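A.B. asks:
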Amino acid sequence: MRARYHSVISSDIAMKMRDVFGFLLCISAIPANAKPALLPNYVACQSQEALRQMGQAIRNHDDNGIRYLSRQCTLTTSLKGRPFSVIDSTLLGETRIRVYDGSAATELWTPSEAVEGR
Numbered sequence: 001m002r003a004r005y006h007s008v009i010s011s012d013i014a015m016k017m018r019d020v021f022g023f024l025l026c027i028s029a030i031p032a033n034a035k036p037a038l039l040p041n042y043v044a045c046q047s048q049e050a051l052r053q054m055g056q057a058i059r060n061h062d063d064n065g066i067r068y069l070s071r072q073c074t075l076t077t078s079l080k081g082r083p084f085s086v087i088d089s090t091l092l093g094e095t096r097i098r099v100y101d102g103s104a105a106t107e108l109w110t111p112s113e114a115v116e117g118r
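Each step along the sequence shown adds one to the number in my numbering, with nothing skipped, and position 40 is 40.
1. Which runs of the beta strand (DSSP E) fall wholly inside the segment 69-116 and span at least 3 residues, in chain order?
2. I'd like the list of long-range same chain contacts for residue 39, defined as Cβ closer than 6 Å, with 5 residues on each side in sequence excluded.
3. Which word fits residue 97, buried or exposed, when buried means at least 16 other C-beta atoms lie within 10 angstroms of its C-beta?
4. Along the chain, where does the alpha helix (DSSP H) containing residue 39 start, and where does it finish?
5. For residue 56, count the other beta carbons within 10 Å of its own beta carbon; 16 or more makes it buried, fewer makes it exposed. Which is it?
6. Please confirm whether any heavy atom of the ligand HEM lies closer than 6 Å to the CB of residue 45.
7. Under 8 Å: do the segment 98-111 and the segment 47-62 share three or more Cβ pairs, one atom per stretch?
8. As a quick exercise: from 54, 93, 99, pick the residue whose alpha carbon is nearest that of residue 81.
9. In the DSSP assignment, find the alpha helix (DSSP H) that holds residue 53 and state where it starts and stops.
10. Whose C-beta lies closer than 7 Å to the C-beta of residue 83 among residues of the same chain, with five residues either side of it excluded?
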């Protein structure tokens, strides 16, 4: 009985080690210098609330709301090539980024899927 129990534990440990090794292999395939990139045609807003309201306005086809919120929001296409940092991400799929323009920086909220490679 003891040998059978030992083999069950050994196979369980082997499976866990295989999973960990697979994960580490995947991680090692990512270049260390890979930088996140902003995908085009996503909304980026000055506040988390503006991002949520813009999403609601887009879903509801609210042209007046979209026009109003456009003062606080931009498309990620206009940020192409600018360096940025990921500051925070929420469980609701929103990411706060800091976009640099020379010595100035602007913090924006965008959907998490707009940030590739993070």
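Using N, Cα and C, we set each Cβ at its ideal position, and we do this for glycine too.
Remember, predicted model here, so these are calculated numbers, not experimental data.
C.D. replies: From the atom records:
1. Taking only runs of at least 3 residues, the beta strand (DSSP E) segments lying wholly in the segment 69-116 are 73-75, 84-89, 94-101, 104-111.
2. Excluding positions up to five away in sequence, the list reads 114, 116.
3. Around the beta carbon of residue 97, 16 or more other beta carbons lie within 10 angstroms, which makes this residue buried.
4. Element bounds for residue 39: n/a, residue is neither H nor E.
5. So residue 56 counts as exposed.
6. Ligands in the displayed structure: none, and consequently the ligand HEM is not present.
7. Short answer: they touch.
8. The shortest Cα separation from residue 81 among 54, 93, 99 belongs to 99.
9. Residue 53 -> alpha helix (DSSP H) spans 48-59.
10. Taking residue 83 as the centre and dropping the five residues before and after it, the same chain places the C-beta of 100 closer than 7 Å to its C-beta, in chain order.
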